[in-house]
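In the UniProt record's numbering, the protein residues as written are 1 to 205. The beta carbon of each residue, even a glycine, is placed where N, CA and C say it ideally should be. Just so we're clear, the structure is a prediction, and the values are computed from it rather than from any experiment.
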């Protein structure tokens, strides 16, 4: 499968409504702490917006609800992967992305035959505290050789100024959170990401 080289990650349908219409083609809804009813509302709203703008929606963690709501792509971290019903996910026809940070986690990811593998953090990140040191650009090339034909997503500390180096080293897609959501002008920054990655997307099609 092909992934858009610009992979936006946000924590609300409001962000999706602001940014996806600008031309985003791949977005992850990542809501960690929410009651079921508001979470379902967020998911439904995000799904509708993405459908209207030909944007692929990836749901983080909440695989049961994603199946119930007819979503087709889920992303799981290692802890969530261990607890998920992978048979149910595959039976529903959902595609699966998996986070990795070290060799052991890569082997775990291989075992579930994911549709993409994410590697991070590439650079220091302010999003959350992590026990892993920054992977660096060289690890991207190493991981890409290891995973062969599986798409590779780079994540962690990425900025629009760094995206070319990440993609040049072999990442198929660059995931971004704070470089856009904590920017003084998120819409402008999002369009800069689109401009920086669209030539790569055009070559892939």
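{"Asked": "In chain order, what are the residue ranges of uninterrupted alpha helix (DSSP H) at least 4 long that sit wholly in the segment 41-95?", "Found": "63-68, 78-83, 86-91"}
{"Asked": "Please state whether DSSP places residue 125 in a helix, a strand or coil.", "Found": "coil"}
{"Asked": "Count the other CB atoms within 10 Å of the CB of residue 148; is the residue buried (16 or more) or exposed (fewer)?", "Found": "exposed"}
{"Asked": "Mapping the DSSP letters down to three states, classify residue 119 as helix, strand or coil.", "Found": "strand"}
{"Asked": "In three-state terms, what does DSSP make of residue 194?", "Found": "helix"}
{"Asked": "Can you look up residue 35 in the DSSP assignment and give me helix, strand or coil?", "Found": "coil"}
{"Asked": "Quick one: measure Cβ to Cβ for residue 165 and residue 123, integer angstroms, because I've assumed they're closer than 8 Å.", "Found": "No, residue 165 and residue 123 are not in contact; Cβ-Cβ is about 10 Å, not under 8 Å."}
{"Asked": "Between which two residues does the alpha helix (DSSP H) harbouring residue 163 extend?", "Found": "163-168"}
{"Asked": "Can you give the Cα-Cα distance for residue 170 and residue 91, rounded to whole angstroms?", "Found": "31 Å"}
{"Asked": "Got a sec, what are the start and stop residues for the beta strand (DSSP E) residue 9 sits in?", "Found": "6-10"}
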